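**Q** My structure is below; once you've seen it, I'll send some questions.
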Amino acid sequence: MSIQIRDDLAVAYGTLRGPVRPENQDDFLIYEARDKAEAGAGERLFAIADGMGGEAGGAQASRAALRAFFVAWLEAKGRPPRDRLQAGMAAAYQALREEVKTDPSLRKMGTTLTAVQILPDLAHGIHVGDSRCLKFGKGGALWITDLHQDREQTNTLTRAVRAEGDPSEAQVFETSLQVGEGLALCTDGLWRSRDESEWAAYRAPGPLEDKARDLFLDSVRRLGDDNATLILLRRDKPNLGTPREVPELDTESKTVFGKPRTKPLLERLLPLLLLLLGLLLWYLALHPK
Numbered sequence: 212m213s214i215q216i217r218d219d220l221a222v223a224y225g226t227l228r229g230p231v232r233p234e235n236q237d238d239f240l241i242y243e244a245r246d247k248a249e250a251g252a253g254e255r256l257f258a259i260a261d262g263m264g265g266e267a268g269g270a271q272a273s274r275a276a277l278r279a280f281f282v283a284w285l286e287a288k289g290r291p292p293r294d295r296l297q298a299g300m301a302a303a304y305q306a307l308r309e310e311v312k313t314d315p316s317l318r319k320m321g322t323t324l325t326a327v328q329i330l331p332d333l334a335h336g337i338h339v340g341d342s343r344c345l346k347f348g349k350g351g352a353l354w355i356t357d358l359h360q361d362r363e364q365t366n367t368l369t370r371a372v373r374a375e376g377d378p379s380e381a382q383v384f385e386t387s388l389q390v391g392e393g394l395a396l397c398t399d400g401l402w403r404s405r406d407e408s409e410w411a412a413y414r415a416p417g418p419l420e421d422k423a424r425d426l427f428l429d430s431v432r433r434l435g436d437d438n439a440t441l442i443l444l445r446r447d448k449p450n451l452g453t454p455r456e457v458p459e460l461d462t463e464s465k466t467v468f469g470k471p472r473t474k475p476l477l478e479r480l481l482p483l484l485l486l487l488l489g490l491l492l493w494y495l496a497l498h499p500k
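This is the structure we're talking about:
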């Protein structure tokens, strides 16, 4: 998968199925209008969703919610960012109601959803669940979303996109986004791999692909028990840049676990050489001088 993003924003993104998970219930969405004027006016959207693990329809919930969110957000074009994001969130809840109406066995389905709309120098967002949005810069980082989870049972969500939920519970936020500042949208399978002090000191200079790869490595090495999804973005230029293709990070073995080791030529030929030597010794034994 590859997306087209103007290079005033550095972007890296990907999703990883946890090694012990039968399926990846995470999903993500990245959109930028091809028209330069529209992109500059705020037609840039980044979103992640994490279907509630262990519940029937977790993957179905995250995908249905994101699709509905995106369509409603597009249809609300021209309205203030806050209104567009709230319209998207309301549509996400309604989408799950429709899913449950069709199949009542999915009544407990749910998902987190965190989305940001990027404008010049600003990011508007909306959030529900235990995925998170981190703002980082030269001076460190801070979480700009709340954790909607039970304090004692952290795997229990107090708010999520559900058929019986209320979209007005969603947190709406706004933050400046100057050159050198960025955002990290991450599901809990990724942010739980580092402690709070590490995140508070987080910076992301240089290629974001390398930073994203490091975070995925941590999610596997330190946790390894959950799906992980990440969108990293950083404002590198004050004005809209030139469109370029940004491929999704390959989270299979060659990226996350390192490239398979290629044996040296001699090591690869050694079994054949030993076989030939054995045949030679056998021949000499049968035909002594």
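Numbered according to the numbering used here, the sequence shown spans residues 212 to 500. Beta carbons are placed, not taken as given, at the ideal position from N, Cα and C, and that holds for glycine. Just so it is clear, the structure is predicted and the values come from calculations on it, not from any experiment.
1) Indicate, with yes or no, if the ligand MN has a heavy atom lying under 7 Å from the CB of K349.
2) Taking Cβ to Cβ, would you say A415 is nearer than 8 Å to L443?
3) Is it true that the CB of S430 sits closer than 8 Å to the CB of A423?
4) Is A412 helix, strand or coil when you go by DSSP?
5) Give, in chain order, every unbroken run of the alpha helix (DSSP H) that is at least 4 residues long and sits entirely within the stretch 242–308.
6) Take C344 as the anchor and find which of G225, W410, A270, L317 has the nearest alpha-carbon.
7) Would you kindly report the start and end of the unbroken alpha helix (DSSP H) that includes K422?
8) With DSSP as the reference, label P230 as helix, strand or coil.
9) Note down, in chain order, each residue of its chain lying with its Cβ closer than 6 Å to the Cβ of L330, except the 5 sequence neighbours on either side.
10) Tell me the rounded alpha-carbon separation between R245 and A326.
11) Using 8 Å as the threshold, is the stretch 368–377 in touch with the stretch 488–496, meaning 3 or more CB pairs across them?
12) W284 and L256: beta carbons closer than 8 Å?
13) So, do the stretch 234–244 and the stretch 268–276 have three or more beta carbon pairs nearer to each other than 8 Å?
14) So if DSSP puts A334 in a beta bridge, which residue, or which two residues, is it bridged to?
15) Can you give me the C-alpha to C-alpha distance between D437 and E459, rounded to a whole angstrom?
16) Rounded to a whole number of angstroms, what is the C-alpha to C-alpha distance between G321 and V339?
**A** Looking at the atomic coordinates:
1) In the structure on display, the ligand MN does not appear, and there are no ligands present to speak of.
2) Contact flag set, yes.
3) In this structure, S430 does not lie closer than 8 Å to A423 by Cβ.
4) Note: A412 maps to coil in three-state DSSP.
5) Correct list: 247–251, 269–286.
6) For the residues G225, W410, A270, L317, the minimum Cα distance to C344 belongs to W410.
7) 419–429 is the extent of the alpha helix (DSSP H) around K422.
8) For P230, the three-state secondary structure derived from DSSP is coil.
9) Taken in chain order, the residues that qualify are G253.
10) Computed Cα separation, rounded: 20 Å.
11) The stretch 368–377 vs the stretch 488–496: no contact.
12) Yes.
13) Yes, the stretch 234–244 touches the stretch 268–276.
14) Under DSSP, A334 forms a beta bridge with I329, T386.
15) Using only the alpha carbons, I get a separation of about 19 Å.
16) Cα to Cα, the separation comes out at about 11 Å.
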